[in-house]
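Asker: Quick one: the structure is below, questions incoming.
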Amino acid sequence: MDDISIRLETEKDYRAVEELTRNAFWNVYKPGADEHYYVHTMRNHPDFIPELAFVLEKDGEIIGNIMYTKAWIEDENGMKKEIVSFGPFCVAPEYQRLKLGKVLIEHSFEAARKMGYDVNIIFGNPGNYVTRGFVSCKKKNVSCFQKGNFPTALLVCEMIPGALDGHEWMYIPSTAADCCDDEAAVEEFDKTFTPKEKKWMPSQEEFYIYRNSSVVR
């Protein structure tokens, strides 16, 4: 697509990115959304990585963004390894399914590798990410919450092949997303945007299934 560029987010982009995120996630995982509030608060969290906060522009308009936090994995010997985790990540609804998300992800991966990171772990819909090199956490021996628990939505990408070989790992996410547990704060922040109708969508049931299931064999 012509006139596409990727650059780091700047402070002047903050509201546009929050608007984009709200529109992209509205009614997808729940009636309404809280991802725009997460974006708003993440920037002040100690785990936020501003060097990996990218926006995708077309003709000067922001139509996509990706943001990262630090996360960790710990092996069976107690050795802790710092990794990265992206999200929220979105492309404006009218520009989805044009492989723009692929371009943005790959750009961010290259930047993360240059910073010395070799593993990326996210919670997401497998159908959206397996073509980007993500696999089930079970295939890489990465548990979450307790040993031997392999959530269906926990996806692992070795940005450097073999980075996880030979060990059992426990995933330790950032606490950055905990802000979304404060529903009153989310609602108050959402009032600063143009009102939108909250409603149920089939994608919310799909999300529930992924969120509450694990790979057992």
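Quick note on numbering: this note's numbering labels position 144 of the sequence shown as 156, and the sequence is numbered without any gaps.
Beta carbons are placed, not taken as given, at the ideal position from N, Cα and C, and that holds for glycine.
1. For L166 and C149, I'd like the C-alpha separation in whole angstroms.
2. If I measure Cβ to Cβ from G44 and keep anything under 8 Å in the same chain, skipping five residues before and after, which residues do I get?
3. Can you tell me which residues form a DSSP beta bridge with G76?
4. Which term fits N77, buried or exposed, when burial requires 16 or more other beta carbons within 10 angstroms of its beta carbon?
5. Should N132 and I184 be called a contact, given that it needs their Cβ atoms to be closer than 9 Å?
6. Pick from P214, E218, R109 and V198: whose alpha carbon is nearest that of R34?
7. Buried or exposed for M127, please, with buried defined as at least 16 other CB atoms from any protein chain shown within 10 angstroms of its CB.
8. Who are the near neighbours of V168 in its chain, counting only those whose CB is closer than 8 Å to its CB and skipping five residues on each side?
9. Going by beta-carbon coordinates alone, are I75 and L68 separated by less than 9 Å?
10. So what does DSSP say about T164, is it helix, strand or coil?
11. What are the boundary residues of the alpha helix (DSSP H) that includes N140?
12. Counting C-beta neighbours from all protein chains within 10 Å, is the total for I85 16 or more, i.e. buried, or is it exposed?
13. Could you tell me which of C191, A188 and Y80 sits nearest to A124, measuring between CA atoms?
14. Beta-carbon within less than 6 Å of E180's beta-carbon, same chain only, minus the 5 sequence neighbours each way: which residues are those?
15. How close, in whole Å, do the beta carbons of V222 and T164 come, if the pair is a contact with beta carbons under 8 Å?
16. Could you tell me how far apart the beta carbons of N161 and S226 are, in whole angstroms, since I believe they sit closer than 8 Å?
17. Using DSSP bridges, identify the partner residues of R27.
18. Taking only the alpha-carbon atoms, compute the straight-line gap between V29 and Y129 and give it to the nearest angstrom.
Answerer: Reading it off the structure:
1. Here residue 166 corresponds to residue number 154 of the sequence shown, with the count starting at 1. Here residue 149 corresponds to residue number 137 of the sequence shown, with the count starting at 1. Straight across, the Cα-Cα distance linking L166 with C149 is about 6 Å.
2. Here residue 44 refers to the residue found at position 32 of the sequence shown. Only residues of its own chain outside the window of five on either side were considered, and among them W38, D202, K208 and K210 have a CB closer than 8 Å to the CB of G44, listed in chain order.
3. Start at 1 with the first residue of the sequence shown, and residue 76 comes out as number 64. G76 is bridged to L68 and V103.
4. Reading the sequence shown from its first residue, position 65 is the one you call residue 77. So N77 counts as buried.
5. The sequence position of residue 132 within the sequence shown is 120, counting from 1. The sequence position of residue 184 within the sequence shown is 172, counting from 1. For N132 and I184, no; Cβs fall outside 9 Å.
6. Walking along the sequence shown from the start, residue 34 turns up at place 22. Among P214, E218, R109 and V198, the Cα nearest to that of R34 is on V198.
7. Here residue 127 corresponds to residue number 115 of the sequence shown, with the count starting at 1. Result: exposed.
8. In the sequence shown, counting from the first residue as 1, residue 168 sits at position 156. The beta carbon of V168 is closer than 8 Å to those of V131, N132, I133, F146, V147, S148, C149, K151, K152, V154 and L176 in its chain, skipping five residues each way along the sequence.
9. For the purposes of this step, residue 75 is taken as the residue at position 63 of the sequence shown. For the purposes of this step, residue 68 is taken as the residue at position 56 of the sequence shown. For I75 and L68, yes; Cβs fall inside 9 Å.
10. Taking the first residue of the sequence shown as 1, we reach residue 164 at position 152. Here T164 sits in coil by DSSP.
11. Here residue 140 refers to the residue found at position 128 when the sequence shown is read from its first residue. Counting along the chain, the unbroken alpha helix (DSSP H) around N140 starts and ends at P138 to Y141.
12. Along the sequence shown, one-based indexing puts residue 85 at 73. With 16 or more other CB atoms across the displayed protein chains lying within 10 angstroms of its CB, I85 is buried.
13. Along the sequence shown, read from residue 1 onward, the residue named residue 124 stands at position 112. Closest by alpha carbon: Y80.
14. Position 168 of the sequence shown, counting from 1, holds the residue named residue 180. E88 and N153, listed in sequence order.
15. Position 210 of the sequence shown, counted from the start, is the residue given in the question as residue 222. Position 152 of the sequence shown, counted from the start, is the residue given in the question as residue 164. Looking at the sequence itself, residue 222 is Tyr, so the reference to Val does not match. Correct: roughly 5 Å between the Cβ atoms.
16. Counted from its first residue, the sequence shown places residue 161 at position 149. Counted from its first residue, the sequence shown places residue 226 at position 214. With a beta-carbon spacing of about 6 Å, N161 and S226 fall inside the 8 Å limit used to define contacts.
17. Numbered from its first residue, the sequence shown carries residue 27 at position 15. Answer is none; R27 lacks a bridge partner.
18. Along the sequence shown, read from residue 1 onward, the residue named residue 29 stands at position 17. Along the sequence shown, read from residue 1 onward, the residue named residue 129 stands at position 117. Rounded to the nearest angstrom, the two C-alpha atoms are 25 Å apart.
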